[in-house]
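Below you'll find the structure, written out as structure tokens, and then a few comments.
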Amino acid sequence: MSGGRISRRQFIKGAGGTALGGLALGSLGGLLAACSSGAPAGKKGQAGQAAPLSRDPRTLVVAVDAFLPDFDPASYFLLSGIVTNYGIYEGLLRMKGNSATEVEPVLAERYRTNADKSVWTFSLRSGVKYSDGTSFDGNALKAAYTRTITAGLGAGSTLSTYITDPGTQIVVKDPGTVVFDLGLPVPRFDLLLASQYGTGVVNPNVESQGKNHGHDYLTSHSAGTGAYMVESVSPNDQVVLVRNPNYWRGWSSRQFERIIIRQVEEDSSRRQGMEAGDFDIAFPGTPQDTAALRTTPGIVVGDQKVMGMEYVVLGEYGPLASPEARRAMNLLFPHDEFLASVMEGTLEAPNSVIPDLILYSDAGSYPRTTDVDQARRLLQQAGVPQGTQLTYEYYPGRRKEPGLVLQQQLQQVGLSLKLVEKAYPAFVADMSTDRPESERASMYYWFWWPGYNSPSDYLYPILSEDATPKAALFNSGYYMNDTVNKAINDGYTVSDEHKLTAMWTRAQEIMGREDPPWIPIGQIVDTSYLRGDIDGYVANPLYVLTYDYYALSRAS
233 MSGGRISRRQ FIKGAGGTAL GGLALGSLGG LLAACSSGAP AGKKGQAGQA
283 APLSRDPRTL VVAVDAFLPD FDPASYFLLS GIVTNYGIYE GLLRMKGNSA
333 TEVEPVLAER YRTNADKSVW TFSLRSGVKY SDGTSFDGNA LKAAYTRTIT
383 AGLGAGSTLS TYITDPGTQI VVKDPGTVVF DLGLPVPRFD LLLASQYGTG
433 VVNPNVESQG KNHGHDYLTS HSAGTGAYMV ESVSPNDQVV LVRNPNYWRG
483 WSSRQFERII IRQVEEDSSR RQGMEAGDFD IAFPGTPQDT AALRTTPGIV
533 VGDQKVMGME YVVLGEYGPL ASPEARRAMN LLFPHDEFLA SVMEGTLEAP
583 NSVIPDLILY SDAGSYPRTT DVDQARRLLQ QAGVPQGTQL TYEYYPGRRK
633 EPGLVLQQQL QQVGLSLKLV EKAYPAFVAD MSTDRPESER ASMYYWFWWP
683 GYNSPSDYLY PILSEDATPK AALFNSGYYM NDTVNKAIND GYTVSDEHKL
733 TAMWTRAQEI MGREDPPWIP IGQIVDTSYL RGDIDGYVAN PLYVLTYDYY
783 ALSRAS
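Using my numbering, the first residue of the sequence shown is number 233, and each one after it goes up by one.
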């Protein structure tokens, strides 16, 4: 399984977060209050009169924490790549509106599948051209996906989950008809094709643009069928997109002529830029920034729950090796108080280890109970001696707060917790590099969402036995549970709905109540900031912090 099942990015660059200074330890209530700004948290954004616009109204300015100068669909597996490329490349399908389960055609006009859903046939849209005027057809699609799968640049793993031999499994019946023969039933192959990762169709002519299958060329150029194309790139500063004159949907006067995506690393700077009218859209900052902007006239704050989870990884080694010790850590965490007092509505309560919107999620399989006395008994049963010190690792600006809360809670059961902050590259290396137990943290902060709506795709890179740091992936707690691992692997191939439901129900019961791999902190909410005069924004729970630039316009 380990050879071709990495259907998820090697790491994710997060957006926003909250940095805290030193806090005196008092009661838990005092600590939670100290973590919070105390600012009022409205539920909806305040549309209406936006700040005066002293710039070109036909240009959309988007502020992100980072963008990646990588315009190659065969390569980018990062949020910082998607934020630019969602407007440049298209696939056969995409998720429909804000649905987590429905798809709609894009480069395909329609599709059908056979009885056991092992063969999928797509009728392609006619009249589509790449930004350089090259025509798109079935041969171009096969060449593009063959390049993505075989180039070895990373994102080909999404398609290669089921297509290992594109030469024979992708069949061009005629220029307008392409057949994917998967060799086994894949009931929701349409959801996979709606992924943002590895399914964008690049102009196959890029193969002639230099080494690395033209990848180097695509660090400063684009070659898609999408609405926009790259005009210029200034690394660590901004990327400018302009209209694709050959776009098959055509253009209206209301749509944006230019998109500027700016790298604005500081949370406070993105908030200030929104308040001043410098930005039209911005990645969210701290919970306190979000709470403040929710009550700011002329700014709308998103509230779409997505298919992602923030959590604390628990190491299945050292003091937390036993299920009892890891159950104790979950019983110590004050979930509801933390979400209300610290996160101020920017995360939703976890109901399972698997986010609510992912298929087969079993709400109620994670009890979210706080019981210090029971935690103490479980730690004694696990043989964790009084005075044991654990470690919690995080990176700057991102979730020191759970560590502070756990630090105080652990004191109540006679344990201590050392908080360790690492710069982001060193933090990622710690999580994804195999090292002796003595050099590992007991706990790590982390977050994840899937490439497409599948519990196997969600869990494989973070819980599979094949995805530990030995494989440079993010099962950083070295979690090993045979039943859970079997569910992850079988979830790619089992097609019977009753079997899938039973399999995932049991797996979630194990992870939520019996043998927990982590502490679920909360389900991620896309709280993007938008000016009140931006029309057409629809947040989809799979496409986290990405924006359909073609659908957007500025109100009169």
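Don't be surprised by glycine CBs; every beta carbon is placed ideally from N, CA and C.
Best match in the options for proximity to residue i [C-alpha to C-alpha]
i, options, result
"S727", "P417, D603, V404 and E556", "P417"
"L450", "I381, L563, P305 and S760", "P305"
"N468", "D364, Y549 and R494", "R494"
"E697", "T409, K718 and P682", "K718"
"Y343", "V335, E336, K349 and T353", "T353"
"L732", "F515, W680, S686 and L292", "S686"
"R290", "P752, M712, S484 and S427", "S484"
"Y479", "P748, E322 and Q644", "E322"
"E439", "M541, T380, S427 and A783", "T380"
"H453", "D422, A459 and L473", "L473"
"Y596", "I590, P477, N583 and K361", "The sequence given here has Gly at residue 596, not Tyr. Checked all of I590, P477, N583 and K361; the closest Cα to G596 is N583."
"L589", "V433, V544 and V757", "V757"
"V293", "F303, Y308, V315 and S307", "V315"
"A508", "R490, T396 and P529", "P529"
"S363", "H445, S355, Y460 and F412", "Y460"
"L546", "K349, R558, V716 and D422", "R558"
"T759", "G415, M743, V770 and Q536", "Q536"
"I402", "G365, S350 and N444", "S350"
"G646", "V616, V462, T393 and Y624", "V616"
"V776", "N330, L324, A283 and F303", "N330"
Boundaries (first-last residue) of the alpha helix (DSSP H) holding residue i
i, result
"E556", "P555 to L564"
"Y692", "P687 to L695"
"A572", "H567 to S573"
"L300", "L300 -> no alpha helix (DSSP H), and no H or E assigned at all."
"P519", "P519 to R526"
"Q606", "V604 to A614"
"Y711", "That residue, Y711, is in no alpha helix (DSSP H); it is neither H nor E in DSSP."
Buried versus exposed, by CB contacts within 10 Å (16 or more), residue i
i, result
"D568", "exposed"
"T400", "exposed"
"R287", "exposed"
"S464", "exposed"
"G619", "exposed"
"R326", "buried"
"L285", "exposed"
"N317", "buried"
"S788", "exposed"
"G482", "exposed"
"G246", "At G246, the pLDDT of 34 sits below 50, so the modelled position is not reliable; the number obtained from the coordinates is stated separately. By the 10 Å Cβ count, G246 comes out buried."
"P519", "buried"
"D666", "exposed"
"Q644", "exposed"
"N346", "exposed"
Start-to-end residues for the beta strand (DSSP E) that takes in residue i
i, result
"G540", "Q536 to L546"
"K405", "I402 to D406"
"D288", "Premise fails: D288 is in no beta strand (DSSP E) and is neither H nor E."
"M506", "Note, M506: premise wrong, no beta strand (DSSP E); alpha helix (DSSP H) at D499 to A508."
"W678", "M675 to W680"
"I753", "W750 to D758"
"V472", "Q470 to R475"
"P791", "Given a span of 233 to 788 for the chain in the structure shown, any question on residue 791 remains unanswerable."
"I531", "I531 to V533"
"M461", "Y460 to S466"
"E729", "From DSSP, E729 is part of no beta strand (DSSP E) but of the alpha helix (DSSP H) over E729 to E741."
"F412", "T409 to D413"
Rounded Cβ spacing between residue i and residue j (contact assumed at less than 8 Å)
i, j, result
"L552", "S674", "6 Å"
"L651", "Q639", "7 Å"
"E502", "F511", "Sequence check: residue 502 is Arg here, not Glu. That belief holds up - the Cβ atoms of R502 and F511 are roughly 7 Å apart, short of 8 Å."
"A376", "P436", "5 Å"
"M541", "F679", "7 Å"
"L649", "L622", "5 Å"
"G370", "V410", "5 Å"
"I753", "V544", "6 Å"
"T778", "Q428", "7 Å"
"N721", "I742", "The pair is not a contact, with the Cβ atoms about 15 Å apart (cut-off 8 Å)."
"Q740", "D594", "5 Å"
"V433", "L563", "Contact flag wrong, Cβ pair sits at about 49 Å."
"F421", "Y394", "7 Å"
beta-carbon residue i near the ligand MN non-hydrogen atom, thresh 7 Å
i, result
"T457", "With respect to small molecules bound, the structure shown includes none, and the ligand MN cannot be examined in it."
- request: Decide if the segment 293–305 is in contact with the segment 402–413; the criterion is three or more beta carbon pairs, one per stretch, under 8 Å apart.
  value: Flag = no, the segment 293–305 and the segment 402–413 do not touch.
Three or more C-beta pairs below 8 Å linking the segment 739–756 and the segment 704–720: yes
message: Is it the case that the segment 509–528 contacts the segment 564–578, given that we only count it when at least three CB pairs across the two stretches are under 8 Å?
response: Under the three-pair Cβ rule at 8 Å, the segment 564–578 counts as touching the segment 509–528.
message: Using 8 Å as the cut-off, can you tell me whether the segment 588–606 makes contact with the segment 557–571, which would need three or more C-beta pairs spanning the two stretches below that distance?
response: yes
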